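Taking it in order: structure first as C-alpha cells, then the write-up.
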Amino acid sequence: MLLPSVLLLISCADQYVVNGTSSVQALEGKTLYLKVFRDDDMHTIDSARVVHGRFRFSGVMDSITMANVFMDNSSVMPLVLEDGRVEMKIGEISQSATGTPLNDTLSRFIQRKTQIDAQMAELPHRESQMIMDGIDHELIVRRLSEEAQELSAQNDRLVTRFIISNYNNVLGPGIFMILTSGLEYPIMNPQIEEILSDAPPYFLNNPYVKEYIKAAEANMKKIHEY
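Mapping of the sequence shown onto this note's numbering: residues 8 to 233, in sequence order.
This is how it looks when you write it as C-alpha cells:
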C-alpha cells in the first residue's frame, strides 16, 4: 500500500521544470545550484551541470516558491518555481526565465531594470567622451550628476512599484529580499518605509520580511539612542 500512497502524494504536488541555456563561456562545465530561502538561509534543492550550454532543474513543490540560481556563492538570477515548464536563458548582459505567469512578470521587470543599470554604467564612458569633445568640466559634472540622480530615482520607483504590485504573491517578498540584501545592515529608509506602509498581511508575515522589519526597527532604535 505504500507505493500507491507515494504516487498519490506526488501527483497532487505541483511539478516544475526549468530548461536552461547559457551563452556564457565561463559557465561551461560548471555546476549551477537552485536555492530557496528557508530557516533564515539559502538552501540548495537541486543542482545541474552546464554541458554544451544546456542545463536542467526539475522537481516537485507544495507551494509556489521564489528561488535563485547560484554558481558557487554568487547569485546568477532569480526565478519562480511554479507549476509548468520554464525556459531560462543566461547571457553575458541579460538573463530571463519565461513560460509561466510569475516568471514572465519577473522577466519583464528584470529586463527594464537591466536597461536602467546599463544606462547608469554608460555614464563614465560618456564623461570621457565629453572631455575629449572639449566640453566644460563643470557642465559635464552637472549634466551627468543630474542624469545619475534621475536614473537612480527611476530604479527606486521601478523596484518599489514592482514590490507593491506584487504584495500578494511570492514576487513581492522575493524582490524585497534582493533589494535589502544589498544593504550593509537592516534599516528603515524612505523607500523601505513606502513599501511597508500599506503592505498586506501576506507580505508582512513572510518570514524574511518579518525578520527584516524586526532587525531594522531594533537598529533604528539604536541609531536614535546614539
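Quick reminder that beta carbons are idealized off the backbone N, C-alpha and C, glycines included.
Just so it is clear, the structure is predicted and the values come from calculations on it, not from any experiment.
Out of the options, which one is the CA nearest neighbour of residue i?
i    : options                   : result
E191 : N226, N176 and S204       : N226
S81  : L39, Y233 and L130        : L39
S152 : A55, M127 and L165        : M127
S30  : P193, I100 and V148       : I100
M73  : Q32, V43, V166 and E94    : V43
H59  : H50, K37 and F116         : K37
S172 : D79, F116, E145 and T51   : F116
I97  : K228, M78 and Y233        : M78
D48  : Y215, P207, E224 and K221 : Y215
T121 : N162, E218, L41 and I202  : N162
P193 : I230, Y174, R168 and F64  : I230
R119 : L158, I142, Q136 and T107 : L158
Within 10 angstroms of the Cβ of residue i, are there 16 or more other Cβ atoms? Answer buried if so, exposed if not.
i    : result
L9   : Caution is warranted here: a pLDDT of 47 is assigned to L9, below 50, making its placement in the model unreliable, and no coordinate value can be reported.
Q102 : buried
G27  : buried
T187 : buried
P85  : buried
L88  : buried
A33  : exposed
Since residue i and residue j are thought to touch, with beta carbons under 8 angstroms apart, how far apart are those beta carbons, to the nearest angstrom?
i   : j   : result
M68 : D21 : 5 angstroms
V83 : V24 : Not quite, the Cβ-Cβ distance comes to about 18 angstroms (not below 8 angstroms), so this is no contact.
What residues in its chain sit with their C-beta under 7 angstroms from that of residue i, if we drop five residues either side in the sequence?
i    : result
G181 : M73 and P85
N213 : P180
To which residues of the same chain is residue i closer than 8 angstroms at the C-beta, ignoring the five residues directly before and after it?
i    : result
L109 : I71, V87, E89, N176, V177 and L178
I17  : Here I17 scores only 43 on pLDDT, less than 50, and its place in the model should not be relied on; the value that follows carries that caveat. Excluding sequence neighbours, I17 sits near V67.
I147 : E134, M137 and I138
Return the chain-ordered list of same chain residues with a C-beta closer than 6 angstroms to the C-beta of residue i, the five sequence neighbours on each side being excluded.
i    : result
T105 : E94, D111 and S114
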